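K.L.:
This is how it looks when you write it as structure tokens:
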């Protein structure tokens, strides 16, 4: 049975299958609508820094063929072949998207899915339908992302705009060529016939048999099950769809490219414009003094006064005059180069849309989408700085016993519960925030360093062994389960592995792995404390544990 995913769910690929040669099928249909299904290969900044890793109908494979577009087969509207061990290291995420080609909106779609197949067997499926969307024209369906190992996340996030807007969001650009040409068909011969899993729906109508091609050996983990028949080749698209090829390139032009010359200055008032052959620069002759009926020189140098009979040149159409009190040619204060207005100045601070439940907007602000995952979030009281949508905030009490334990151990957390359908932005006192995803493992964090966490996590007070720590910090909070916890620190922390000789200041340590053993260590004799030369490091924590355990320390002492 395949593992069923809901929006916001994540899992390691290794937990789904041991193979790295995977088939990804997408089914998305709607009456009278046509869809473009694409795969974006993004870098660590979630940008399309290399347009060769945008795999779509006009570019059916990446350079090393680790991402291949296979076409419609086995009941899927579109399908891909993903070879994870061949993806170059600069590609950190594969985002599978579907966009509308023409009029319509995503709320009109029928129930569909994204599924992962390995070795001819379906191992994961994320199902969606039109009721989850409204007027969006694109949707980010699922991601393969690299976080120490390859993982899969069911996204299901709608996106305003079509393929062009989605491409620009990832840092690319779409331009249509003047000469139309027929779209390139996906090369089904690059993969072994029958990589696709067994068909789950009625097969398409048989097409005329293609010319015989030399078969290639099946890739690892991608062979069909015994007795499965190869699917028929994908039918050719209608000629009216994507009649012109699309050119994809980063927003920044490549170095050394030809930059077209600027448009010539407008002719003086009352004189006809001078025609010049296309692509030909001005003749390299010495400038002549302006005379009667002669066009003045381009404003490379200060322009001489007009000659006899030549009126002064009025401002050309579209030329912007400097504001009152501003020297001509001087840039206005506060306006960035290459743009104007408030929107251009604030462009670098715009919201980061990633389609995930927890999204870090910057080092000190984080956003949680309550609509993804369908579970509430517990956050520190007063940490909300902004929210969008219908969100309810309620007091989360610890109960009488919880208050007694919290007061006695110093690990009391004043929390609020955030529920509803919307996005909540959280921050506190400009501290740095670090979302940590738990997948069945555990972490120990002092209550003072916890900002928010998913309510699905279990937490309890854990005692630290020893004779006591100054200030009463003898206890910590232990979080376990599956979900995300947001830890706050003063300054940039450092993560160190636990060794037999690892000691940390109890006032600077932030968190550590729950499997590590922690004891209080004192290295100063009593008679030394009587002298004024004490170092101030009389008590610290000693960490012990097997390889793989860690501690997190901040450059600040509470």
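In the numbering used here, the protein residues as written are 116 to 673.
By construction, the Cβ of each residue, glycine as well, lies at the ideal position given by its N, Cα and C atoms.
All values reported here derive from a predicted model rather than from experimental measurement.
(1) Residue ranges of each beta strand (DSSP E) run of no fewer than 3 residues wholly in the stretch 223-288, ordered along the chain?
(2) Using only the alpha-carbon positions, how far apart do residue 137 and residue 158 sit?
(3) In terms of DSSP beta bridges, what is residue 131 paired with?
(4) May I have the straight-line CA-CA distance separating residue 661 from residue 252, to the nearest angstrom?
(5) Under a three-way DSSP split, which group does residue 630 fall into?
(6) How many Å lie between residue 59 and residue 576 at the Cα?
(7) I'd like to check one pair, residue 564 with residue 625: are the Cβ atoms closer than 8 Å?
(8) Looking at the secondary structure, which residues open and close the beta strand (DSSP E) in which residue 91 lies?
(9) Looking at residue 197 and residue 267, is the spacing between their C-beta atoms short of 8 Å?
(10) Since residue 486 and residue 536 should fall inside the 8 Å C-beta cutoff, what is the C-beta to C-beta distance between them, to a whole number of angstroms?
(11) So what does DSSP say about residue 563, is it helix, strand or coil?
(12) With H, G and I counted as helix, E and B as strand and the rest as coil, what does DSSP make of residue 201?
(13) How many Å lie between residue 152 and residue 237 at the Cα?
(14) I'd like to know whether the C-beta atoms of residue 509 and residue 531 end up nearer to each other than 8 Å.
(15) Can you have a look at residue 607 and say buried or exposed, based on whether 16 or more other CB atoms are within 10 angstroms of its CB?
(16) Once you ignore the five residues that flank residue 545 on each side, which residues in its own chain have a CB closer than 8 Å to its CB?
(17) Would you mind stating whether residue 141 and residue 191 have Cβ atoms separated by less than 8 Å?
(18) Judging by CA-CA distance, which residue of 549, 231, 155 is the nearest neighbour of residue 287?
(19) For residue 623 versus residue 658, is the C-beta distance shorter than 8 Å?
(20) Between which residues of its own chain and residue 244 is the CB-CB distance below 6 Å, once the five residues before and five after are set aside?
(21) Straight-line CA distance for residue 674 to residue 178?
(22) Taking the alpha carbon of residue 627 as the point to measure from, which residue in 459, 559, 596, 594 has its own alpha carbon closest?
(23) I need the DSSP call for residue 528, collapsed to helix, strand or coil.
(24) Go ahead and label residue 484 buried or exposed: buried means 16 or more other beta carbons lie within 10 angstroms of its beta carbon, across all protein chains shown.
(25) Quick one: Cα of residue 117 to Cα of residue 533, how far?
(26) From the DSSP output, read off the bridge partner residues of residue 612.
(27) Give me the Cα-Cα distance between residue 194 and residue 472, rounded to the nearest whole angstrom.
(28) Quick one, which of 261, 223, 183 has its alpha-carbon nearest residue 148's?
(29) Can you give me the C-alpha to C-alpha distance between residue 578 and residue 594, rounded to a whole angstrom?
(30) If you measure between the beta carbons of residue 569 and residue 599, is that distance less than 8 Å?
(31) Please report how far the alpha carbon of residue 174 lies from the alpha carbon of residue 143, in whole angstroms.
(32) Go ahead and label residue 121 buried or exposed: buried means 16 or more other beta carbons lie within 10 angstroms of its beta carbon, across all protein chains shown.
(33) Are there 16 or more other CB atoms within 10 angstroms of the CB of residue 262, so buried, or fewer, so exposed?
(34) Going along the chain, which residues of its own chain have a beta-carbon closer than 6 Å to the beta-carbon of residue 334, five neighbours each way excluded?
(35) Out of curiosity, what's the CA-to-CA distance linking residue 240 and residue 139?
P.N.:
Considering the structure as presented:
(1) Positions of the beta strand (DSSP E) runs, each at least 3 residues long and wholly inside the stretch 223-288, are given as 227-233, 236-243, 253-262, 264-274 in order along the chain.
(2) Going by the C-alpha atoms only, they are around 21 Å apart.
(3) Note: residue 131 sits in no beta bridge, so no partner.
(4) 51 Å
(5) coil
(6) There is no way to answer for residue 59, as the model of the chain reaches only from 116 to 673.
(7) yes
(8) Since the first residue of the chain shown is 116 and the last is 673, residue 91 is not available in this structure.
(9) no
(10) 5 Å
(11) Reduced to three states, the DSSP call for residue 563 is helix.
(12) helix
(13) 20 Å
(14) The answer is yes: Cβ separation under 8 Å.
(15) exposed
(16) 479
(17) yes
(18) 155
(19) No, the Cβ-Cβ distance between residue 623 and residue 658 is not below 8 Å.
(20) 226
(21) The structure shown does not extend to residue 674, since the chain spans only 116 to 673, so no value can be given for it.
(22) 559
(23) Of the three classes helix, strand and coil, the one that applies to residue 528 here is coil, per DSSP.
(24) buried
(25) 32 Å
(26) Answer is 665, bridged to residue 612.
(27) 26 Å
(28) 223
(29) 13 Å
(30) yes
(31) 21 Å
(32) Residue 121 comes out exposed.
(33) exposed
(34) Per-residue confidence for residue 334 stands at a pLDDT of 44, beneath the threshold of 50, marking its modelled position as unreliable; the derived number appears in the next sentence. Residues 136 of the same chain have their beta carbon placed closer than 6 Å to that of residue 334, with the five preceding and five following residues left out of the count.
(35) 10 Å
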